[in-house]
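Numbering (my numbering), first residue to last: 482 to 989.
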C-alpha cells in the first residue's frame with residue numbers, strides 16, 4: 482500500500498483504535514456499520530440458496546433502519562412474491578424509499594412500478610414513502626460524545642480522531658479543532674442517509690494545501706478508514722460544503738462495500754476507467770466540466786500509445802475552480818490543471834482542474850492532461866525507483882561482504898543506485914542552483930515536449946499551445962516548436978500556391 486505523503490504516521494492512527502470504547506448493543510439491534518454490512522451479506526447468501534424467507538428476515542430490519550440496498554432488496558422480494566406474498570404496492574413503497582436513499586436499483590424499480598400501478602396507487606405509495614422514517618436504534622454509532630484533546634495535533638471527538646498534519650502551523654490546528662464539531666454536525670444533517678453512512682469514517686487527517694485547494698478523499702495506505710481533508714476546506718464562507726463532501730465520501734464507501742449496490746452519485750461521472758469529480762459548490766457548472774473532459778478523453782484515445790500513456794495513467798480528475806464561497810486571500814495559481822503527488826499513489830493518480838471550464842476548450846484540457854499525466858508517470862517512476870533501492874543496496878552489501886566490491890557487477894549496482902537515488906531526490910526534494918535554476922526543470926521540459934507532440938498529433942495549429950515560461954529553459958521543446966511552426970508555415974505556402982495554379986482558381 483502507498484504511504485501517506487504527508488500525513489500522520491501509521492502509529493499515530495493506530496493510537497485511535499486503542500482509544501475507542503464500544504457502545505453496549507441492545508438485544509437484537511444492529512448497532513454498528515460492520516454488523517449491518519455483515520447482515521446484508523448473509524441475506525445475499527440466503528437469497529442465493531433460494532432461502533427467501535431467511536433473506537427477508539435478514540434484510541427487513543436493515544431496511545427499517547434506513548439502509549437503501551436492503552430496501553431495494555425488500556422491494557424486489559415483495560414484487561416477485563419471494564418469501565412473502567406478492568404485493569407491488571408494497572414493492573413500490575420500498576423502492577421509493579430506496580431511491581430517496583440514492584440507491585440505483587431502487588430508483589429503477591420505482592420507475593418501472595410507476596407504469597404498472599394505477600396513478601392513485603402509486604401516489605399513495607409516494608405519500609407513504611414521504612412520511613416514512615427509519616428506526617435507528619439508540620446504540621447506533623455516532624459522533625456524539627465528549628471532546629478530548631490528546632495533544633497539540635490530535636483531538637478525539639466522540640468516535641472520531643482528528644489529526645492535523647505536523648507541517649501545518651499551530652493556528653491552523655486550533656482553527657480545525659474549533660470547527661470540526663460543527664463540520665460533523667453539518668455532515669450529519671446533509672442527507673437522511675448521513676447518520677447511517679458517517680460511521681464508515683474512523684479518523685480525519687488535515688493535510689497541507691493552499692487556500693484555494695479543496696479535497697476530501699480516503700487515505701489508501703493506512704489502518705482503518707481515514708479521510709483526508711485539505712486545509713483549504715476550512716476557509717469557506719460556510720461549512721456546508723465540506724460537510725456535504727464528507728457525507729458523499731462516506732456514502733460512496735458504504736455502497737462500494739455493499740455487493741450488488743450502486744450509489745446515485747450527484748457529483749461523479751465516469752469515462753471508462755476514470756472518475757470525474759464535479760465540484761460541490763453550486764455557483765460552478767459541473768455539466769460543462771463533464772462535457773469538456775469526456776471530449777478531451779475521447780481525443781486522447783486516438784493519440785499514439787507513446788502519448789496516450791500519459792492520459793491512461795490518470796485515475797481521478799477533480800474539478801476545483803474558484804467559487805464565490807471561497808474566502809479570499811493569498812495568490813491564486815492561474816494554471817489550468819495540476820498533478821497532486823502528495824495525494825496520489827499507485828492506482829489513484831489524481832489531477833485537479835483549477836480553471837473554470839467556460840474558459841477552456843476540450844483541446845486545452847487534453848494538452849493539460851498530457852502535461853500533468855507526464856508528471857504522474859514521473860511520480861510513478863520515482864516510486865518504483867525508491868522501492869527498488871533497498872534491494873539494490875542489499876545486493877551491493879552482500880558483494881562487498883564477500884570482498885568483491887570492485888567487480889563489474891558491483892560497479893553496475895553502484896551506477897543503478899546512483900541513478901535511481903538521484904532521480905528520487907530530484908523528484909521529491911529538488912535543489913535550486915546558484916543561478917536560480919531548479920532541478921525540476923527537466924521534468925517540466927519533458928511535459929512541455931509532450932504538449933507539443935500532442936497538439937501535433939491531433940493536427941492542432943501551433944497557436945493552440947498554452948504560453949509556457951519553461952520554453953525559454955527547454956532547448957528540446959524550443960527546437961520542436963520552431964520546426965513545427967516552420968512546417969506549418971511551409972504547408973500553408975504550398976497550399977496557397979496550389980490554389981493559385983489550380984484551374985478552379987483561374988479567371989474565366
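Cβ coordinates follow ideal geometry from the N, Cα and C atoms, glycine included.
> Between residue 685 and residue 700, what straight-line distance do the alpha-carbon atoms span, to the nearest angstrom?
Replying inline: 9 angstroms
> How big is the Cα-Cα spacing for residue 709 and residue 687?
Replying inline: Answer to the nearest angstrom: the Cα atoms are 6 angstroms apart.
>> Can you tell me where the alpha helix (DSSP H) holding residue 881 begins and where it ends?
In response: 843-882
>> For residue 568, count the other beta carbons within 10 Å of its own beta carbon; 16 or more makes it buried, fewer makes it exposed. Which is it?
In response: Under this definition residue 568 is an exposed residue.
>> Tell me the rounded alpha-carbon separation between residue 880 and residue 818.
In response: 47 angstroms
> Three-state secondary structure (DSSP) at residue 551?
Replying inline: helix
>> Between the alpha carbons of residue 874 and residue 838, how many angstroms are there, rounded?
In response: 48 angstroms
>> Which same chain residues end up closer than 7 angstroms to residue 959 when comparing Cβ atoms and leaving out the 5 residues on each side of it in sequence?
In response: 952
>> To the nearest angstrom, how far is the alpha carbon of residue 869 from that of residue 878?
In response: 15 angstroms
> Can you name the residues that DSSP bridges to residue 628?
Replying inline: 638
>> According to DSSP, is residue 709 part of a helix, a strand, or is it coil?
In response: strand
> Within 10 angstroms of its Cβ, does residue 754 collect 16 or more other Cβ (buried), or is it exposed?
Replying inline: exposed
>> For a minimum of 4 consecutive residues, which ranges assigned as the alpha helix (DSSP H) are wholly contained in the segment 750-818?
In response: 767-781 and 786-793
> By Cβ distance below 7 angstroms, which residues in the same chain neighbour residue 503 in space, the five residues on each side in sequence not counted?
Replying inline: Per-residue confidence for residue 503 stands at a pLDDT of 40, beneath the threshold of 50, marking its modelled position as unreliable; no derived number is given.
> Is the beta carbon of residue 941 sitting closer than 8 angstroms to the one on residue 844?
Replying inline: yes
>> To the nearest angstrom, how far is the alpha carbon of residue 698 from that of residue 730?
In response: 7 angstroms
>> Measuring alpha carbon to alpha carbon, tell me which residue in 956, 612 and 743 is nearest residue 928.
In response: Nearest option by C-alpha distance: 956.
>> Under 7 angstroms: does the beta carbon of residue 570 sit that close to some heavy atom of the ligand GTP?
In response: The model on display carries no ligand, and the ligand GTP is accordingly not part of it.
> Looking only at its own chain, which residues have a Cβ that is under 6 angstroms from the Cβ of residue 800, when we skip the five neighbours before and after it?
Replying inline: 759, 760, 770 and 834
>> Buried or exposed for residue 559, going by 16 or more other Cβ atoms inside 10 Å?
In response: Residue 559 counts as buried, since no fewer than 16 other beta carbons sit within 10 angstroms of its beta carbon.
> Within the chosen definition, does the segment 585-602 reach the segment 614-623 through at least 3 CB pairs nearer than 8 angstroms?
Replying inline: no
> Can the beta-carbon of residue 816 be found less than 8 angstroms from the beta-carbon of residue 728?
Replying inline: no
> Around the Cβ of residue 937, are there at least 16 other Cβ atoms within 10 angstroms (buried) or fewer (exposed)?
Replying inline: buried
> Could you give the residue range of the beta strand (DSSP E) that holds residue 684?
Replying inline: Here the beta strand (DSSP E) through residue 684 covers 684-688.
> Which residues mark the beginning and the end of the alpha helix (DSSP H) in which residue 540 is found?
Replying inline: 533-546
> Residue range of the beta strand (DSSP E) that residue 697 falls in?
Replying inline: 697-699
>> Between the segment 855-868 and the segment 916-933, can you find at least three pairs of beta-carbon atoms closer than 8 angstroms?
In response: Touching, yes.
>> Run through the DSSP bridge pairs and tell me what residue 913 is partnered with.
In response: 919
> Per DSSP, which one or two residues make a beta bridge with residue 651?
Replying inline: According to DSSP, which records beta bridges pairwise, residue 651 is partnered with nothing at all.
> DSSP puts residue 905 in a beta bridge; with which residues?
Replying inline: Bridge partners of residue 905: none, in fact.
> The beta strand (DSSP E) with residue 831 in it runs from where to where?
Replying inline: 831-834
> Going by alpha carbons, who is nearest to residue 681 out of 751, 738, 778 and 777?
Replying inline: Taking the Cα of residue 681 as reference, the smallest distance to any Cα among 751, 738, 778 and 777 is reached at 738.
> Name the DSSP bridge partner or partners of residue 820?
Replying inline: 832
> For residue 826, which three-state DSSP category applies?
Replying inline: strand
> Can you pull the DSSP bridge partners for residue 645?
Replying inline: 687
> Relative to the C-alpha of residue 825, which residue among 850, 796, 836 and 808 is closest?
Replying inline: 796
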